[in-house]
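Since the structure comes first, as structure tokens, the remarks are kept for the end.
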Amino acid sequence: MANKETVKRAQMIMGKLSELYPDAATELEFSTSFELLIAVILSAQCTDVQVNKITKKLFKNYSTPGDFAGLTPEQLALEIKGCGLFRNKSRFIVDTSKIILERYQGQVPDKREDLEKLPGVGRKTANVVLGVAFGQSTFPVDTHVHRLAQRWGLSNGKGPEQSEKDLCQVFPEALWQRLHHQMILHGRRICLARSPRCELCGLIEVCPSANNKGAPK
DNA sequence: AACTCGGGGCA
DNA sequence: TGCCCAGAGTT
């Protein structure tokens with residue numbers, strides 16, 4: 001359990017983030033849970049804007065797990081160029097579509113254990129799908145969220161799963177999805193991985209790592 | 001634990 | 001023009 005100081009700092013951070021990024025939410029556009037799943041797989045190491053361009057085009061020609069299961073990875077690779085890692089992603093998507101078709105009657109599973117068995121779906125992707133498509137309370141932790149949790153002293157550097165646990169302890173459940181997006185925005189714009197732009201940061205009074213004083217990097 | 005995939009975004 | 005990834009799988 002987090003100590004009192006940590007909880008208090010978390011509350012202040014939460015307040016600042018809601019001022020800085022009041023409307024943060026997923027930018028992924030989708031009309032079915034399957035389309036969301038594909039979009040999230042495509043979004044690895046890539047922006048949501050770029051993913052939206054690709055999925056929009058893609059789903060004019062293919063829309064169901066059956067459609068994608070009928071493709072070869074090489075065929076699909078041609079359709080999803082532009083979001084990076086396309087050979088891996090096309091293989092993941094074809095294999096995942098086959099499994100959804102054969103094992104889950106064409107429906108995207110809504111249980112974590114099932115989602116995480118799908119090729120290309122790890123903890124972070126499963127958390128996004130569970131949260132956005134199925135309305136479950138999850139805190140997706142990517143590299144940005146993990147890094148900020150360390151710098152803010154809300155977690156102890158034992159990997160993203162530990163960050164997820166710790167963040168869920170100190171932040172109210174109703175705000176997990178929003179905080180996830182707020183932290184991603186802040187991580188990309190201000191709290192950069194290599195050289196954080198503390199001079200532009202609105203959380204400088206609250207951050208134990210601000211300007212490299214003390215605390216985790 | 002380190003490596004791989006890849007084109008967009010940004011300095 | 002070079003560097004870093006809005007991750008997950010493999011070795």
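Quick note: the first sequence uses the numbering used here, first residue 1, plus one each step.
Each residue gets a CB set at the ideal place from its N, CA and C atoms; glycine is no exception.
Check the Cα spacing between residue 143 and each of 133, 178, 71 and 183: the tightest is with 183.
Cβ neighbours of residue 206 within its own chain (closer than 7 Å, five residues either side excluded): 9, 12, 13 and 16. Residue 115 holds the alpha-carbon nearest to the alpha-carbon of residue 100 among 62, 53 and 115. Taking a contact to require three or more Cβ pairs closer than 8 Å, the segment 168-188 and the segment 15-29 qualify as touching.
A direct Cα-Cα distance of roughly 7 Å separates residue 79 from residue 58.
The Cβ atoms of residue 66 and residue 96 lie no closer than 8 Å to each other. When C-beta atoms of the segment 122-142 are compared with those of the segment 82-90, fewer than three pairs fall below 8 Å, so the two segments do not count as touching. Counting only the Cα atoms, residue 107 lies some 20 Å from residue 137. The three-state secondary structure of residue 125, taken from DSSP, is helix. A distance of 8 Å or more separates the beta carbons of residue 190 and residue 179. In the same chain as residue 128, and ignoring 5 residues on each side of it, the C-beta atoms closer than 6 Å to its own belong to 40 and 140, in chain order. Here residue 158 is exposed. Its C-beta has fewer than 16 other C-beta atoms within 10 Å. Assignment of residue 160 by DSSP, reduced to helix, strand and coil, places it in the helix class. Straight through space, the alpha carbons of residue 32 and residue 21 are spaced by roughly 27 Å. In chain order, 10, 14, 139 and 179 place their CB closer than 8 Å to the CB of residue 171, counting only its own chain and leaving out the 5 sequence neighbours on each side.
At the C-beta level, residue 37 and residue 52 stay beyond 8 Å of one another.
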